[in-house]
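Novice: When you line the sequence shown up against the working numbering, it's residues 840 to 1126, in that order. Beta carbons: idealized from backbone N, C-alpha and C, even for Gly. Before I ask anything, let me first share the structure, which is written out below as structure tokens.
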Amino acid sequence: MKLSFRRATAPARTTSSPAVLAGPILEATSTIRVGAGAVLLPNHSPLVVAEQFGVLAGLYPGRVDLGLGRAPAGSGETAVRIGDPRRLDFGDALNELREYFAGGSGGVRAIPEPAIPPELWMVGSSAGGAAYAGRSGLPYVYAHAIVGGGAPEALDAYRRAFRPSPQLPEPYACVAVIVAAADTDERAHRLAASFVFGQILMRTVDPGTVLPTEEETAAHTFTPQEERFLRERIDPQFVGFPDRIAPRLAELLRQTRADELFVLTQVPDHGARIRSYELLAKIVSSL
């Protein structure tokens, strides 16, 4: 059966250019930190990244974060079209980027040079990447939202490998999770299923498909393979009524000793998204 869904006018994937989107968000806010989670550095020129985030840091000092990922993304065709900056080893690219924010690299300066550079982070989903962040003296975010189950080992590897840097004298580790909280378990799982169904559609039908509604998701008959994908994506995350989420979230924070919790709630109904954050705030305040 061929699936047909709405072409995205407001796609589920918000942007492919975090530096561009961060600007309007910073302009519309006054206290929160805003950044990228993450710029996949193998796909970009360190100089260009330094210039983009240097502009943001100059305009909004002390509020700009620059999350970096080690993994490349996209196809070989994509690499050709972006000029294949993957020729640089990640470590060399990271060092070059840091040098730009410290005054220049190899006689080249990134303009502007903000008085308060963006805060660099590393984002990843493996113990190896976590250890790399530790050796680099950077704060680290484990992407539990992508790979559930490995956070305790990754954050332990990060802390064991950590070496102090001018940016960070002590390890600082965070966990990023998916949360879909609602007043009933049934509603929460419907919302989460819509998010995962959107991922299925972006992989199989059209990467520009708009996030499906609860009704569209409920009308779809999932194949066994899709059902497995649904369970693999939802079960490790935090979906349900607050009383069900709270003990699991508390256990994750106990196991990881995370300094911060990052939360993604990408559900199709804006009111339900706000309600999820309201319920989550109550959960966290009670932990």
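Just checking, does the region 1056-1075 make contact with the region 958-970 on the three C-beta pairs under 8 Å criterion?
Specialist: No contact exists between the region 1056-1075 and the region 958-970.
Novice: Could you give the DSSP three-state label for Tyr1011: helix, strand or coil?
Specialist: coil
Novice: Unbroken beta strand (DSSP E) runs of length 3 or more, entirely within the region 1001-1089: which are they?
Specialist: 1012-1020, 1077-1079
Novice: So the candidates are Gly901, Arg999, Asp931, Ala889; which of them puts its Cα closest to the Cα of Ile950?
Specialist: Ala889
Novice: Taking 6 Å as the limit between beta carbons, can you name the residues of its chain near Thr1056, skipping five residues before and five after?
Specialist: Its chain contains Ala1032, Ser1033, Phe1036 as the residues whose beta carbon lies nearer than 6 Å to that of Thr1056, once the 5 sequence neighbours on both sides are disregarded; these appear in chain order.
Novice: Cα separation between Asp1045 and Arg1083?
Specialist: 34 Å
Novice: Output needed for Leu1126: all residues of its chain with C-beta closer than 8 Å, excluding positions within five of it in sequence on either side, in chain order.
Specialist: The residues are Ala1085, Leu1088, Ala1089, Leu1092.
Novice: With C-beta atoms as the reference, is Ile955 less than 9 Å away from Pro1008?
Specialist: The answer is no: Cβ separation not under 9 Å.
Novice: Could you tell me the alpha carbon to alpha carbon distance between Glu1029 and Pro1075, rounded to whole angstroms?
Specialist: First, the residue type needs correcting, since residue 1029 is Arg and not Glu in the sequence shown. Straight-line Cα distance between these residues: approximately 16 Å.
Novice: In this structure, does DSSP put Leu1091 in helix, strand or coil?
Specialist: Leu1091 carries a helical assignment under DSSP once its states are collapsed to helix, strand and coil.
Novice: With burial defined as no fewer than 16 other Cβ atoms inside 10 Å of the residue's Cβ, what is the status of Tyr979: buried or exposed?
Specialist: Sixteen is the threshold: when 16 or more other Cβ atoms of the shown chains lie within 10 Å of the Cβ of Tyr979, as they do, the residue is buried.
Novice: How should Pro857 be labelled, buried or exposed, when 16 other C-beta atoms within 10 angstroms of its C-beta is the threshold for buried?
Specialist: buried
Novice: Assuming the contact rule is C-beta atoms closer than 8 Å, Leu994 and Arg1096 should be a hit. Round their C-beta distance to whole Å, please.
Specialist: A Cβ-Cβ separation of about 7 Å places Leu994 in contact with Arg1096 under the 8 Å criterion.
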